[in-house]
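Numbering (this note's numbering), first residue to last: 213 to 796. Some notes on the structure that comes next.
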């Protein structure tokens, strides 16, 4: 493909350093948001939900946030930086000399190489937001100063993500993350953001009410304290209309009221216009001063500062929460996207994880590029986009780096069968189901014959579809085992068997003998066990209707999974038709 400026949304699987170097052209991105591993020396697991909606013990280790200085990877990257001979090379060399070759400096080497590539692809008007925690934020700021220049530092944003913790005994409670905001130069895009007025501002400044008949009065004490006002009223404050500087043309009497010493703020024509709109508040005494009514419902709010305390972290009970580790609220990313980009701009997230930045960009009509190094993440992103926007990869957006041929699928299965499994689930798309988080490879363990789970609505209830993925030899016993798993699992009524190898005749016969699931709502039978090969899944056209199988319509509009909570729909498609495995 080669480096280019992207005009179509694209999801990349692979190492972001390689993806940036191979695919993304110089100065082609308007905004970069990255939420990299924090060097916290811990494992992060995807948390699942059981039937009650509570977090279960079933987990997949999404990534290990532990770094080591390696001769195979870190040393060559460090040598490459040193050979540049520039300020950042001297800076990183000094840090390594002082701190030694350890986990922290290995992390900084990894981040430096990537931040240099991100600086390369950023437009002159572009900005970068690096999300981090106190573990390495001070070191990362020094690195960013070296790459972007200290003069291009915008803000050190503090996001207060939670309330204080009662278990903090030896230090102050850690309740915040840090977001380092840099730009390419002083001509960067920035749209001022506003937040709601604090309650104290409302209580002390917006003290007057205007009723539907035009009469006004001051708020009563109990109205101020409770912030509850009568219906069909508008709150306003009284703004002085005195000119800041004396100007002869602004010194005139209006309707018998004398002008202020320095004159009015507005010309006579503007004053008459405000009067016609009912925005002038006339005093009861002739010696009083005319005031301007500023309505609360017309104000944008308070200009946002660098301490963000109005957006909470995602809690277990929140609908938005998918269960992915380090997932950030969509409101946080929407704020960043709106502040530093405009519609049609290109947004890049090189550590896209579960795709919150991608989701925000899609919702706000930006072009997006998302990169992640695990098929677990890209599968979650694909499912999230389908649930929220009814879009699928290969049609509405491109997918780069994932297998597109049988040869590529077979190679992935040989390299890492768990990555293959997660990728295959994403073809449906379904979401992965895990086992104990202590598994070193993210899986395996007592998975009970379940690799993925999908759901579909059956009246007011939700039914489950069990998915199994096999990359090795298969036989009719696998079909019987899957059927047994479906019978065992609560609310499970169907099973999907995905195989890299072609199914045997005995497997197909076994599936047919098992019979059908009769849908009382949709009024038709569906094969209880359905066998899909990777070859035919790769051949499916990228739309919302899959091929006919076993002389029956099988699965259309693949459903949301209950292993990771379903993303709420952002918009409905025109003419959308219901389907057995559709979105509820």
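C-beta: ideal position from N, C-alpha, C; glycine also. If you're wondering where the values come from, they're calculated on a predicted model, not measured in any experiment.
Item to check | Closest by C-alpha distance to residue 332, when choosing among 629, 622, 570, 560 | outcome: Counting from 1 along the chain shown, the entry for residue 332 is found at position 120. It is 560 whose Cα lies nearest to the Cα of residue 332.
Checklist entry - Does the separation of the CB atoms of residue 392 and residue 421 fall below 8 Å? => result To locate residue 392, count along the chain shown from 1; it is residue 180. To locate residue 421, count along the chain shown from 1; it is residue 209. No. Outside cutoff.
Checklist entry - At a cut of 8 Å, does the stretch 472-487 reach the stretch 535-543 through at least three beta carbon pairs? => result Taking 8 Å as the limit for Cβ pairs, the verdict is that the stretch 535-543 does not touch the stretch 472-487.
Next on the checklist: What does the alpha-carbon distance come out to for the pair residue 737 and residue 706?
Outcome noted: The sequence position of residue 737 within the chain shown is 525, counting from 1. The sequence position of residue 706 within the chain shown is 494, counting from 1. Going from the Cα of residue 737 to the Cα of residue 706 covers about 11 Å.
Next on the checklist: Can you tell me which residues form a DSSP beta bridge with residue 372?
Outcome noted: Mapped onto the chain shown, residue 372 falls at position 160. Bridge partners of residue 372: 388.
Checklist entry - Would you call the stretch 663-683 and the stretch 636-644 touching, i.e. three or more CB-CB distances under 8 Å? => result yes
Checklist entry - Between the stretch 582-602 and the stretch 213-225, are three or more C-beta pairs nearer than 8 Å? => result yes
Checklist entry - At which residue ranges does the stretch 437-471 contain complete beta strand (DSSP E) runs of 3 or more residues, listed in the order of the chain? => result 446-451
Next on the checklist: According to DSSP, simplified to helix, strand and coil, what is residue 631?
Outcome noted: Along the chain shown, one-based indexing puts residue 631 at 419. Helix.
Checklist entry - Closest to residue 687 by CA distance: which of 675, 567, 721 is it? => result To locate residue 687, count along the chain shown from 1; it is residue 475. Per the Cα distances, 721.
Item to check | N-terminal and C-terminal residue of the alpha helix (DSSP H) that residue 575 is part of | outcome: Your numbering for residue 575 matches position 363 in the chain shown. Looking at the DSSP string, the run of the alpha helix (DSSP H) that includes residue 575 is 568-575.
Checklist entry - If residue 293 and residue 321 are in contact, beta carbons under 8 Å, what's the gap, nearest whole angstrom? => result As a first step, residue 293 is located in the chain shown; it is residue number 81 there, counting from the start. As a first step, residue 321 is located in the chain shown; it is residue number 109 there, counting from the start. Their Cβ separation, rounded to whole angstroms, is 7 Å, which keeps residue 293 and residue 321 in contact under 8 Å.
Item to check | Top-ranked residue by Cα proximity to residue 399, from 242, 468, 558 | outcome: For the purposes of this step, residue 399 is taken as residue 187 along the chain shown, with counting starting at 1. The shortest C-alpha separation from residue 399 is found at 242.
Item to check | Length-filtered (4 minimum) alpha helix (DSSP H) runs lying within the stretch 595-627 | outcome: The stretch 595-627 contains these whole alpha helix (DSSP H) runs: 618-627.
Checklist entry - Candidates 672, 711, 600: which alpha carbon is nearest residue 633's? => result In the chain shown, counting from the first residue as 1, residue 633 sits at position 421. Of the candidates 672, 711, 600, the one whose C-alpha sits nearest the C-alpha of residue 633 is 711.
Checklist entry - Rounded to whole angstroms, how far is the Cβ of residue 578 from the Cβ of residue 549, which I believe are closer than 8 Å? => result Counted from its first residue, the chain shown places residue 578 at position 366. Counted from its first residue, the chain shown places residue 549 at position 337. About 6 Å separates the two Cβ atoms, so the contact holds.
Checklist entry - What number of angstroms, rounded off, separates the C-alpha of residue 704 from the C-alpha of residue 567? => result Working through the chain shown from its first residue, we reach residue 704 at position 492. Working through the chain shown from its first residue, we reach residue 567 at position 355. Looking at the two C-alpha atoms, the distance is approximately 28 Å.
Checklist entry - What residue from 339, 739, 475 has the CA that sits closest to residue 461's CA? => result Walking along the chain shown from the start, residue 461 turns up at place 249. Among 339, 739, 475, the Cα nearest to that of residue 461 is on 475.
Item to check | Three-state secondary structure (DSSP) of residue 423 | outcome: Taking the first residue of the chain shown as position 1, residue 423 is located at position 211. If DSSP states are grouped into helix, strand and coil, residue 423 belongs with coil.
Item to check | Three-state secondary structure assigned by DSSP to residue 742 | outcome: Your numbering for residue 742 matches position 530 in the chain shown. Residue state, collapsed to three classes: strand.
Checklist entry - Tell me which same chain residues have a C-beta within less than 6 Å of the C-beta of residue 576, skipping the five on either side of it? => result As a working mapping, residue 576 is identified with position 364 in the chain shown. The answer, listed in chain order, is 549.
Item to check | Range of the contiguous beta strand (DSSP E) that encloses residue 340 | outcome: Within the chain shown, the letter at position 128 stands for residue 340. Here the beta strand (DSSP E) through residue 340 covers 334-344.
Checklist entry - Per DSSP, which one or two residues make a beta bridge with residue 704? => result Position 492 of the chain shown, counted from the first residue, corresponds to residue 704. DSSP lists 676 as the beta-bridge partner residues of residue 704.
Checklist entry - Over what stretch of residues does the alpha helix (DSSP H) that includes residue 485 continue unbroken? => result Numbered from 1 along the chain shown, position 273 holds the residue referred to as residue 485. Residue 485 -> alpha helix (DSSP H) spans 480-488.
Next on the checklist: Between which residues of its own chain and residue 395 is the CB-CB distance below 6 Å, once the five residues before and five after are set aside?
Outcome noted: Locating residue 395 in the chain shown gives position 183, counting from the first residue. Around residue 395: 339, 364, 366.
Next on the checklist: Pull the bridge partners of residue 503 from the DSSP assignment, please.
Outcome noted: Along the chain shown, one-based indexing puts residue 503 at 291. Among the bridge pairs identified by DSSP, residue 503 is matched with 493.
Item to check | Endpoints, the alpha helix (DSSP H) within which residue 292 is located | outcome: Locating residue 292 in the chain shown gives position 80, where the first residue counts as 1. Its alpha helix (DSSP H) spans residues 286-294.
Next on the checklist: To the nearest angstrom, how far is the alpha carbon of residue 605 from that of residue 591?
Outcome noted: In the chain shown, counting from the first residue as 1, residue 605 sits at position 393. In the chain shown, counting from the first residue as 1, residue 591 sits at position 379. Spanning the two alpha carbons is a distance of roughly 10 Å.
Checklist entry - Going by DSSP, which residues form a beta bridge with residue 670? => result Looking up residue 670 in the chain shown gives position 458. 673, per the DSSP bridge assignment.
Next on the checklist: Determine whether the beta carbon atoms of residue 551 and residue 360 lie at a separation below 8 Å.
Outcome noted: Indexing the chain shown from 1 puts residue 551 at position 339. Indexing the chain shown from 1 puts residue 360 at position 148. It is not a contact, given that the beta carbons lie outside the stated cut-off.
Next on the checklist: Mapping the DSSP letters down to three states, classify residue 282 as helix, strand or coil.
Outcome noted: Within the chain shown, residue 282 is the residue found at index 70, counting from 1. Reduced to three states, the DSSP call for residue 282 is coil.
Checklist entry - Residues in its own chain within less than 7 Å of residue 397 by CB, not counting five upstream and five downstream? => result Your numbering for residue 397 matches position 185 in the chain shown. Once the five neighbours on either side are set aside, the close Cβ partners of residue 397 are 336, 364.
Item to check | Cβ pair residue 743, residue 723 closer than 8 Å | outcome: The sequence position of residue 743 within the chain shown is 531, counting from 1. The sequence position of residue 723 within the chain shown is 511, counting from 1. Contact: yes.
Checklist entry - How many Å lie between residue 491 and residue 428 at the Cα? => result Residue numbering aside, residue 491 sits at position 279 when the chain shown is read from its first letter. Residue numbering aside, residue 428 sits at position 216 when the chain shown is read from its first letter. In a straight line, the C-alpha of residue 491 is about 12 Å away from that of residue 428.
Checklist entry - Whose C-beta lies closer than 8 Å to the C-beta of residue 716 among residues of the same chain, with five residues either side of it excluded? => result Your numbering for residue 716 matches position 504 in the chain shown. So the qualifying residues of the chain are 686, 687, 688.
Checklist entry - Between the C-alpha atoms of residue 291 and residue 285, what's the straight-line distance to the nearest angstrom? => result Numbered from 1 along the chain shown, position 79 holds the residue referred to as residue 291. Numbered from 1 along the chain shown, position 73 holds the residue referred to as residue 285. Answer to the nearest angstrom: the Cα atoms are 10 Å apart.
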